[in-house]
Every structure is written in structure tokens, then in C-alpha cells.
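J.: Residue numbers (the UniProt record's numbering): 1 to 548. Each residue gets a CB set at the ideal place from its N, CA and C atoms; glycine is no exception. Remember, it's a predicted structure, so these values are computed and weren't measured experimentally. Take this structure, written in C-alpha cells, and hold onto it; I'll ask about it next.
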């Protein structure tokens, strides 16, 4: 291994210790953005920590490894704020040997340290990316997946700098693919073509066999740990339901906007230009692999809310790691080495705001004062996760003042075509107000749970929340819905167990409320109004037969 490998290992261990120390230093986790994602995460974590099996007792397209690391620490007695940060530190620690191998075997000089430290910061960050300097647990699993994807791409595309090790490469690739399957299948679909072609092109059969062995062992262990074959059947079913969801045809920008919108178009051009540049200057193999990666980069970015093109950082690493040799054919009358360096600088410049936001997020969080925050939960054992007092006590909403919404506005909100026309939400013949909560979801949920808790007959019962989020049980004395979906994608998951239906007057998602009520109407349920407050209408499900 030599002194270089030992030195790199020591630096990476030191970087992990420092990142973990900064991440874990505050006694509480203070959230300043994406409260909906926070509630969704906590719902899944507490379900799993109390014995619910993923994809059997709870519906979610997220893989089990997005939740299990956090649930593990909650089960051990840590509060959710500490558990989330411990999970991030643990994931980075588990990845450390893979990070070291990819950096040492493929990269030289400062670039190996940049990749290693950068991936540690990515995994242990407290923001998804973007340019808004918030503290958030939103889409933390996408950061984990991007770190794994970066390792896979570097090992596949960049030739070995030191002696080959088919076993090390194969074990890493197999473990990465298994982890991505159990985090978010999107990444596997996007990266598989490049992986297969790279191994076939390089005739690395032994690497493929080691990767296959590693993948099979990892998936077999997951099968044994999480419920056998039924786990995979449920996971596949949840993915299919999500793919057919009428609520979110895409999490963010449309595919057309992602390719051609001014904010994304320079990245598209840069990727295409790199492919042409490599193909024209003697790097046909790398150009082919990037051609296969490009649709995957777009697909991953398209599938992730915020559409943060983190692949630009990976592309910059590849461009620096694969300089053209001296004397290589010039490209557009510019020396190939200089042109490649220019492309890498451009890629880094485009993604730099997001990288700076990610890298500084833990430090920003450590400097936030607790006085401006209030606990999400009143329970002292869970009081180490906080949200801002201003949105906790005074949620912000938006509504259509005239009660009329034009078709183009509705399509932007609900993902419907312009010809569908405006739609209204009905409950027992009553038109519900067109309104949605924008911030302050924690405060709204706590107040709803307080009001609902005053209804004695509803205490200890299953209350279905007719909204995108269905997590009232976290905030009050109610039962969680077996087989339910904390984040609603359509259908009737767990509906059979509902005793009451709570209809928020100002939901997180008006379209989510409407679709849920339409599904209930198709089931033929009779809903009897029990209580009406400033926040919701509570209805009792009238059961008229043994199967109703």
C-alpha cells in the first residue's frame, strides 16, 4: 500500500472524526426547512423502531436502508434528533473503506483527498444541496446515494493507478449496487448501463464475478433481516404504486425544463461537449461511458426534488482524473489538456453553490441558537428535534382568494393537463376551500392533534388524515394505520383500518386531499360529521356491514 495509502487513510479518518464531531456537537437538531419531509421521515423511523416491517406494515417507495440506520439508534434509546445525526455519521464510517479504495486506487495527489473528504461531507451534511442555507433532513438518502454513485462511477471509468485488484473492485461495486437497491432504485436503473458496458468493454470478468458475489450476499442478508421474500414483493409493489401515482408525475421540473431551462441548459451542453471532446481526443472509451451515464444523470436529477445536478461534481472529478496526454490532438485549436481543465473548472463553477451549501451546513447548524426554536414533540424523550418558533406558532398558508383557479395554475400545482380545467374538492356535497399550508406543518399537526384529542371517542382509534401526509399518530393518542402510507401516492393503502377520516380545511396538498376523498368515495364509505374546527372536519366512518 505504501506511505501514500496510509497517509490518505489517516486523513480520511481524521476528516470523518472532525465531521462527526461538528455534526454531533449540538444537543439538539434544529430544522429550518422542509417540515413535511421531516414529519415523513419521523413517521417511518418511529414505525420501524416500534416493530413495523417496511413494505408490509407501511407503504413507501423508499428502500429500507433510508430508515433503518436512524431507527436503529431510536431503538437504542436516542432521541430522533441525535439518532438522525448518529445515522449519518455511521453511514459515512461504513463507507470509509470504500471511499479510501476508490480514491487511492484511481486518483493521485490532492484529487484523492478532495474526493474522500468531499464524500464524507456529502454524507454527513444537513441540507440536500441547492443554494438555500437551511438545516434540513430532506432527502438525506439522496446524498447517501450520490456518494455511493460517485464511488461506483470513479471505479468504473477511471483506470487503476496502482496494481489491479479484481476482488476489491468487485466487492465494492457489488456492495454499492446492493446499497442503492435498498436506498433508491432510481440510481441502479440510471447507472446499470454504464456499469455493464464498462466491465464488458474492459473484459473484466473477474471483477464482474466478485461484484455478483458481493451483490448476492448483501441482498441475501437483507432478505433474512427484513422479512424474507415478502419484503421484496412488498417493495416492488410500493415502487409500482409510486410510479403510477397521479399526485406527483415528477418531483420537480419537467424533463423538458431539466434539459433546456436556463438554469440547467449550461450543464446539458457541458456534458455533451465533454462526450465529444473525449471521443475526438483519443478517449473513446471514456466518451462512450459518459454517453451512457448522461441519461442516467438526467434521470436521477429529474427524480429528485430540487433537481440539484450533483453529477456535475462527479464530471469535474473525472475530467481532472483523466487528463489528455501531452501531445494529444488539439480540440477546437485548444490544447486538449487545457480544454479538459477548462471543462472541469466550468463544471465545478456550476455546482459550487450547492457544494458550498452542503459542506458548510453542519457548521451553520452548530452555530444556531436554540432560543429561536421549539420542540417538535412535547414528549421529553423526543424533544431533541426542534423547528423555528415563528412557523411553529404561526403557520403560513396560501389560498385562492376568488375560489376560482385557472387551468394553467391548477396544472402547475397538481400536475394535470391544461385541458383538465379547475377541480374542486367535495365532502358530503360541500365544496371545501382551496387552500394549502406552506410552512408551519409541525404547528398545524400539533394543534390538530390537540383539538382531535378532545374528542373522547377518537382517542386510541385510527384516524385517516385526508392529506398528502398522514402522521397524526405521532402527535396525539391515536393508533397508526397498519399498512398505511405516511406520504400518500394514491390508492387505498391501509384505508380498511380507519375508524375516522379527518379532512383538513387547509391541507399540505389540495390535490392529495382531493384524490384521497375521491378514493374514499369510490369505496362507498358513508362519512358522518363529528366535529368541525378552524383546522379540520372530523368524520366518523359509518360501518353498515362486516366488510364496510
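Mind checking residue 224: buried by the 16 CB within 10 Å criterion, or exposed?
T.: With fewer than 16 Cβ atoms within 10 Å of its Cβ, residue 224 is classed as exposed.
J.: Taking the beta strand (DSSP E) that residue 527 falls in, what are its first and last residues?
T.: Residues 526 to 532.
J.: Distance, Cα to Cα, residue 280 vs residue 291?
T.: Their backbone Cα atoms lie some 13 Å apart in a straight line.
J.: Which same chain residues, not among the five before or five after residue 372, have their C-beta less than 7 Å away from its C-beta?
T.: So the qualifying residues of the chain are 388, 389.
J.: So the candidates are 303, 537, 460, 508; which of them puts its Cα closest to the Cα of residue 62?
T.: Comparing Cα-Cα distances from residue 62 to each of 303, 537, 460, 508, the minimum goes to 303.
J.: Starting from the C-beta of residue 542, find all residues in its chain whose C-beta is less than 6 Å away, skip the five residues before and the five after it, and write them out in chain order.
T.: Cβ within range, chain order: 526, 528.
J.: Please go through the same chain and pick out, in chain order, the residues whose beta-carbon is closer than 6 Å to the beta-carbon of residue 226, but skip the five residues on each side of it.
T.: Within the same chain, residue 226 has close Cβ partners 64.
J.: Over what stretch of residues does the alpha helix (DSSP H) that includes residue 197 continue unbroken?
T.: Looking at the DSSP string, the run of the alpha helix (DSSP H) that includes residue 197 is 185 to 201.
J.: Apart from the five residues just before and just after residue 9, which ones in its own chain have a Cβ nearer than 7 Å to its Cβ?
T.: Cβ within range, chain order: 100.
J.: Helix, strand or coil for residue 435? Go by DSSP, reduced to three states.
T.: Strand.
J.: Where in the region 424 to 497 do unbroken runs of the alpha helix (DSSP H), each at least 4 residues long, occur, reported from the N-terminal end onward?
T.: Runs of the alpha helix (DSSP H) inside the region 424 to 497: 441 to 453.
J.: Suppose contacts are defined by Cβ-Cβ distances below 8 Å. Is residue 123 in contact with residue 92 by that definition?
T.: Their beta carbons are under 8 Å apart, which means residue 123 touches residue 92 by this criterion.
J.: Name the residue from 293, 46, 6, 11 whose alpha carbon lies nearest to the alpha carbon of residue 471.
T.: Among 293, 46, 6, 11, the Cα nearest to that of residue 471 belongs to 46.
J.: Quick one, are the C-beta atoms of residue 500 and residue 538 less than 8 Å apart?
T.: Yes, the Cβ-Cβ distance between residue 500 and residue 538 is below 8 Å.
J.: In whole angstroms, what separates the C-alpha of residue 268 from that of residue 360?
T.: Roughly 27 Å separates the two Cα atoms.
J.: So, for residue 321: in the same chain, excluding its five sequence neighbours on each side, which residues have a beta-carbon less than 7 Å away from its beta-carbon?
T.: Cβ within range, chain order: 106, 107, 111, 158.
J.: Are residue 73 and residue 89 closer than 8 Å when you measure CB to CB?
T.: The answer is no: Cβ separation not under 8 Å.
J.: Assuming residue 515 contacts residue 455 (C-beta within less than 8 Å), just tell me the rounded distance between them.
T.: About 26 Å separates the two Cβ atoms, so there is no contact after all.
J.: I'd like to check one pair, residue 312 with residue 275: are the Cβ atoms closer than 8 Å?
T.: Result no, Cβ atoms of residue 275 and residue 312 do not sit closer than 8 Å.
J.: Nearest CA to the CA of residue 200: which residue from 177, 58, 289, 229?
T.: The candidate whose alpha carbon is nearest that of residue 200 is 289.
J.: Under 8 Å: do the region 186 to 199 and the region 149 to 166 share three or more Cβ pairs, one atom per stretch?
T.: Segments in contact, yes.
J.: Just the C-alpha distance for residue 484 and residue 492, rounded to the nearest angstrom, thanks.
T.: Answer to the nearest angstrom: the Cα atoms are 8 Å apart.
J.: Once DSSP output is grouped into helix, strand and coil, what is the label at residue 268?
T.: DSSP places residue 268 in helix when its eight states are reduced to three.
J.: So if DSSP puts residue 113 in a beta bridge, which residue, or which two residues, is it bridged to?
T.: Residue 113 is not bridged to any residue.
J.: Would you mind stating whether residue 175 and residue 214 have Cβ atoms separated by less than 8 Å?
T.: Taking 8 Å as the Cβ cut-off, residue 175 and residue 214 qualify as a contacting pair.
J.: If I measure Cβ to Cβ from residue 343 and keep anything under 6 Å in the same chain, skipping five residues before and after, which residues do I get?
T.: Here the set comprises 274, 319.
J.: Please list, in chain order, all residues of the same chain as residue 355 whose beta carbon is under 7 Å from its beta carbon, the five residues on each side excluded.
T.: The residues are 313.
J.: Within the same chain, show all residues whose beta-carbon is closer than 6 Å to that of residue 271, passing over the 5 residues directly before and after it, in chain order.
T.: So the qualifying residues of the chain are 294.
J.: Can you look up residue 539 in the DSSP assignment and give me helix, strand or coil?
T.: Here residue 539 sits in strand by DSSP.
J.: Rank 478, 423, 375 by C-alpha distance to the C-alpha of residue 587 and give the top, closest one.
T.: Any property of residue 587 remains undetermined from this structure, which presents the chain solely from 1 to 548.
J.: For residue 236, name the three-state secondary structure that DSSP assigns.
T.: Correct three-state label for residue 236: helix.
J.: Could you tell me the alpha carbon to alpha carbon distance between residue 53 and residue 231, rounded to whole angstroms?
T.: One C-alpha to the other measures close to 8 Å.
J.: Between which two residues does the alpha helix (DSSP H) carrying residue 502 extend?
T.: From DSSP, residue 502 is part of no alpha helix (DSSP H) but of the beta strand (DSSP E) over 500 to 504.
J.: Tell me where the beta strand (DSSP E) around residue 565 begins and ends.
T.: The structure shown does not extend to residue 565, since the chain is modelled only from 1 to 548, so the question has no answer here.
J.: Just checking residue 266 against the ligand GTP - is the residue's beta carbon closer than 7 Å to any of the ligand's heavy atoms?
T.: The ligand content of the structure shown is nil, which means the ligand GTP is not present either.
J.: Out of curiosity, what's the CA-to-CA distance linking residue 382 and residue 16?
T.: Near 27 Å, if we compare the C-alpha coordinates of residue 16 and residue 382.
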